[in-house]
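Engineer:
Number of protein chains: 2
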Amino acid sequence: MYGSTPILERSHSPGTTNLFAPPYTRLGEAPTHRSANCSLCGLRALCFASCLGEDELPRLERIFSQWRMIHRRDYLFRVGDKFHSLYILRSGSFKTVAGHEDGLEHVSDFILPGEALGLGAIGSGQYDCDAIALEDSAVCIISFASLESLCHDIRSVQHHLNRTFSREIVRNSRQMVLLSGMTAERRVASFLVDFSRRLLERGYAARSFTLRMTREDIGSYLGIKLETVSRTFSRFQRKGLMRVDGKQIEIFEREVLAQI
Amino acid sequence: MYGSTPILERSHSPGTTNLFAPPYTRLGEAPTHRSANCSLCGLRALCFASCLGEDELPRLERIFSQWRMIHRRDYLFRVGDKFHSLYILRSGSFKTVAGHEDGLEHVSDFILPGEALGLGAIGSGQYDCDAIALEDSAVCIISFASLESLCHDIRSVQHHLNRTFSREIVRNSRQMVLLSGMTAERRVASFLVDFSRRLLERGYAARSFTLRMTREDIGSYLGIKLETVSRTFSRFQRKGLMRVDGKQIEIFEREVLAQI
DNA sequence: CGAATACTTGAAATAAATCAAATAAGGTGG
DNA sequence: CCACCTTATTTGATTTATTTCAAGTATTCG
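Respectively, the protein sequence lines represent chains A and B.
Residues 1 to 260 in the numbering used here are what the first sequence lists, from first letter to last.
Residues 1001 to 1260 in the numbering used here are what the second sequence lists, from first letter to last.
(1) Please confirm whether A/F83 and A/G118 have their CB atoms less than 8 Å apart.
(2) Under 8 Å between C-beta atoms, does A/L179 make it to chain B?
(3) Using the three-state DSSP reduction, which class does A/Y75 fall into: helix, strand or coil?
(4) Report the neighbours of A/D130 on chain B: residues whose CB is nearer than 7 Å to its CB, in chain order.
(5) Taking only runs that begin and end inside the region 1125-1175 of chain B, name each unbroken alpha helix (DSSP H) of 4 or more residues, in chain order.
(6) I need the DSSP call for B/F1048, collapsed to helix, strand or coil.
(7) So what does DSSP say about B/G1240, is it helix, strand or coil?
(8) Locate the beta strand (DSSP E) running through A/A98, then write down its first and last residues.
(9) Using Cβ-Cβ distances below 8 Å, what residues of the region 116-149 of chain A are close to chain B?
(10) Would B/V1107 and B/D1217 be called neighbours here (beta carbons separated by less than 8 Å)?
(11) What residues in its chain sit with their C-beta under 7 Å from that of A/E168, if we drop five residues either side in the sequence?
(12) Taking 8 Å as the CB-CB cut-off, is B/R1163 touching chain A?
(13) Are the C-beta atoms of A/E54 and some chain B residue less than 8 Å apart?
(14) Quick one: give me the first and last residue of the beta strand (DSSP E) that B/F1110 is part of.
(15) At a CB distance below 9 Å, what residues from the region 62-80 of chain A approach chain B? Give them in sequence order.
(16) Output, in chain order, the set of chain B residues within a Cβ distance shorter than 7 Å of A/C151.
(17) Using only the alpha-carbon positions, how far apart do A/I132 and A/R78 sit?
(18) Does any residue of chain B have a CB that is nearer than 8 Å to the CB of A/P14?
(19) Just to confirm, are B/E1185 and B/I1249 a CB contact at a threshold of 8 Å?
(20) Output the distance between the C-alpha atoms of B/K1247 and B/F1209, rounded to the nearest integer angstrom.
(21) Can you find a CB in chain A that lies within less than 8 Å of the CB of B/R1207?
(22) For B/V942 and B/K1095, I'd like the C-alpha separation in whole angstroms.
(23) Inspect the beta-carbon positions of A/L57 and A/C38 and report whether they are closer than 8 Å.
(24) Quick one: which residues of the region 1083-1108 of chain B get their C-beta closer than 7 Å to a C-beta of chain A? List them in chain order.
(25) Name the chain B residues that come within less than 7 Å of A/R155, Cβ to Cβ?
(26) Distance cutoff 8 Å, beta carbons only. Does B/T1228 sit that close to anything in chain A?
(27) Locate the beta strand (DSSP E) running through A/F83, then write down its first and last residues.
(28) When you compare only the Cα positions, how much space is there between B/M1176 and B/F1191?
(29) Applying the 10 Å Cβ sphere with the 16-neighbour rule, what's the burial state of B/F1020?
(30) Which stretch, first to last residue, makes up the alpha helix (DSSP H) that contains B/Q1259?
(31) Should A/R267 go down as buried or exposed, given a rule of 16 or more other Cβ atoms within 10 Å for buried?
(32) Measuring CA to CA, which of A/L199, A/L161, A/L226 and A/A258 is closest to A/A116?
(33) Taking the alpha-carbon of A/G53 as reference, which of A/P113, A/G99 and A/V157 has the nearest alpha-carbon?
(34) Per DSSP, A/I122 forms a beta bridge with which residues?
(35) Here's the rule: buried if 16 or more other CB atoms are within 10 angstroms of the residue's CB, otherwise exposed. What is A/D74?
(36) State the start and end residues of the unbroken alpha helix (DSSP H) segment that holds B/E1061.
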């Protein structure tokens, strides 16, 4: 995964378990440690579990107990697939690709552990984008019907869902500001700073990380061409702001990048 | 308002009332016809009322009974204002403007009757954009705390809110495809077709309408400069696809525009 | 190891931005 | 209701950031 040392592992769970390892019950299998599923999860603070008391966790665990491994390049879902479940990424990473009637495709997001997949499908009953694993990944499967029931019974879950939606809208709105008015250089700088921050929030190293996506993916996400991404990386490196070695990135001057 | 003849007026409510007139109870005043508030509202099909039975409407009306007039150019809310309420636009139109730390501003959306304002504020507790009236407008005020209570008591309201959020995310996603990859010509064509469709959905004339926003607003929304908007309008007119007379627009070749 | 995919870099082409100036529309106060 | 000032729009000429085209290098994967 990104970076080397998950910080959360140290701070939240002193040596008991690797919090970012894939969950240990498999889809269809009888779960062996179901009770530990959410309570020991390193992503708990980012997920619905964050708004529940210890006594309410078992209920959540019943809903979250199923999960799925997705291999690199495989699809978790595709545009038009019938919607049943939301997903929370437990480990690995994804890109979401929004299509247009004509061939035009656009990488609409990169998903990191703790983030949700499938929010756009609730309104129409079918997924509005492709979700493609950028590396071998694991997702929690959340039956949306069950989640709505849980929302009904536990207010804080409802509230959490609303906040998740709302934050997604704010994130999109920020991305639109970027796409609509910024120079290529600012887009790339903004991408790096933002990506680094998200890694940090999730307990990964923020200074040094691997980009699992291609330059073309990044370009699509930022509304520029892959060559422009590459050139801008090189320029930043020449200025001593970062080091680029293929997919391996090291950020030297976060503050300078943030102000470009 | 946009166009001349609200179609919904004819189809939904045979001559009893002007469905797009401002609501008749004022903020702070004792409402005189509170019971009629939602049940007679022309936007009912677009709003939370759509998922309630007649017997449940009074409860909704208690929450929706307050409303507010906003004059052209006035702010309904500003970035950073403390969040208490969502708003549903009843008549008129708005633009929402998302700011960036530096001066950079971006028109993030145009809001038409029946659409919600303030969804981005739920997650953080403060509004994430400015909402500015493009003409004298009226909004229903929805206390979010009350709405969450209603969600708790009536499942279909919860479901409606989730769908509203989700659709907003899909809309944003479409806009990002547009902003990230399309030529200026396609952006403008797409804007016209989309705007026309939204007017139609709300019962206004789709072929002939007034743009309440400036060319600069449109440009900001589409990620291009105002001069480019103007030039593209002129080009479309020369090609016989539309007529432009300042803010007055007439669409001749909807299909051709949709395929640009 | 070899083919396919991904990345970098340079040179030329181009879509859109910027600069500029003239015209039109809107709002305000007398 | 007019005259005046401001704001908005159109259109042309020029500049520029980014794309496109191209070619070479590096990396990944079976």
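Cβ coordinates follow ideal geometry from the N, Cα and C atoms, glycine included.
Values in this document were obtained by computation on a predicted structure and should not be read as measured data.
Structural biologist: Working from what's here:
(1) yes
(2) yes
(3) strand
(4) Here the premise fails: no neighbours, minimum Cβ distance about 12 Å.
(5) 1144-1153
(6) helix
(7) coil
(8) F94 to G99
(9) L119, G120, A121, I122, G123, S124, D128, C129 and E148
(10) yes
(11) L119
(12) yes
(13) no
(14) E1105 to I1111
(15) none
(16) Q1158
(17) 9 Å
(18) Because the pLDDT of A/P14 is 32, which lies under 50, any placement of that residue in the model is unreliable, and the number read from its coordinates should be weighed accordingly. Judged by the 8 Å Cβ criterion, A/P14 is not in contact with chain B.
(19) no
(20) 8 Å
(21) no
(22) Residue 942 of chain B is absent from the structure shown; chain B starts at 1001 and stops at 1260.
(23) yes
(24) A1098, H1100, L1104, H1106 and S1108
(25) H1152
(26) no
(27) No beta strand (DSSP E) holds A/F83; DSSP gives it neither H nor E.
(28) 13 Å
(29) For B/F1020, the pLDDT reaches just 40, beneath the cut-off of 50, and the residue's location in the model is therefore unreliable, although a value from the coordinates is still provided. Looking at its Cβ environment, which holds 16 or more other Cβ atoms inside 10 Å, B/F1020 is buried.
(30) R1254 to Q1259
(31) One cannot answer for residue 267 of chain A here, as it falls past the ends of chain A, which runs 1 to 260.
(32) A/L161
(33) A/V157
(34) Partner(s): none; A/I122 has no beta bridge.
(35) exposed
(36) L1057 to F1064
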